[in-house]
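Notes for the one structure printed next.
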Amino acid sequence: MGPSWGSWDTPTPLPPSLCHQGCQRREELASPCPLYQLVLVGDRGTGKSSFLLRLCTNEFREDISSTLGVDFQIKQLLVDGEQTTLQIWDTAGQERYRSIAQSYFRKAQGVLLLYDISSPSSFLSARQWIEDIKAMEQTLPLMLVGNKLDLQAGLPEAARVCAAQGQHLATVHKSLFCETSAKDGTNVVEAVLHLAREVKRTVGQSRGLGAGLDLSIPPGPAAQCCWA
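Here the sequence shown stands for residues 147 to 374, where the numbers follow the working numbering.
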């Protein structure tokens, strides 16, 4: 995905050619539905842009380019029966852009943190990303995502990050956890939906409206996720 620069509050609109079915421009979102701001982070090569493309268009492209700086998409989902708008910021994973990604934590209401299950080094980096998030002095709902699940079958055990490792890290940091595949679509929508539910719950609590929201929706039989 190409770069798209602008402030958090007044993002630069995407050209119509980049606005696919399932992702809408801000001017098309006339309904007063809740809007939550999410940031997508993780090392370069973890599949962040492919994850977002799969979420918004249900497509996968082998030739997708790495994000430079920051890009964003808008996705609408039904969250607990309510039409909800998610503004999702896709940040570059290269070290030189890391400070840019960190600046977006301040106004985010939730974080999708991706690592590549075929890259143990990206999982180690996920720990540093979590520390960066905590350094913002706020508690953000976090979904830890082990991406590229489609590669699991062909990997020797020593060369992959198993689900138990991801779930343990998520449990330690009181975050959500899920394994996904941007290539075949496994759990991509589910991961974002459950993070959106947690964001909705925490926003409701901050306004004194959080009681009664049920997050205990079990994953499907093929899912490898821990929602709480």
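Heads up, the beta-carbon is just placed ideally off N, CA and C, and yes, glycines get one too.
N- and C-terminal bounds of the alpha helix (DSSP H) containing Glu344: 334-352
Beta-bridge pairing of Met282 - partner residues as DSSP gives them: Looking at the DSSP output, Met282 shares a beta bridge with no other residue.
Continuous beta strand (DSSP E) stretch holding Phe323: start and end: Start and end: 322-325.
Collapsed DSSP secondary structure at Thr230 in the structure displayed: strand
Which listed residue (Gly256, Ser268, Glu277) has its alpha carbon closest to that of Ala305: Ser268
Beta-carbon gap between Thr237 and Leu186 smaller than 9 Å: yes
Residue interval of the alpha helix (DSSP H) (run including Val318): 309-318
Glu173 versus Leu201 - alpha carbon distance: With a pLDDT of 46 at Glu173, under the threshold of 50, the modelled position of this residue cannot be trusted; read the value that follows with caution. So the alpha carbons of these two residues sit roughly 20 Å apart.
Cβ shell of Thr317 (< 6 Å), same chain only, five flanking positions each side left out: none
Extent of the continuous alpha helix (DSSP H) run through Leu288: Boundaries around Leu288 are those of the beta strand (DSSP E), 288-293, since no alpha helix (DSSP H) includes it.
Cβ of Lys329 within 9 Å of any chain C Cβ: Absent from the structure is chain C; it holds one protein chain and no more.
Closest Cα partner of Ser265 within the set Leu301, Asp209, Ile279, Thr230: Taking only the C-alpha atoms, the option nearest Ser265 is Leu301.
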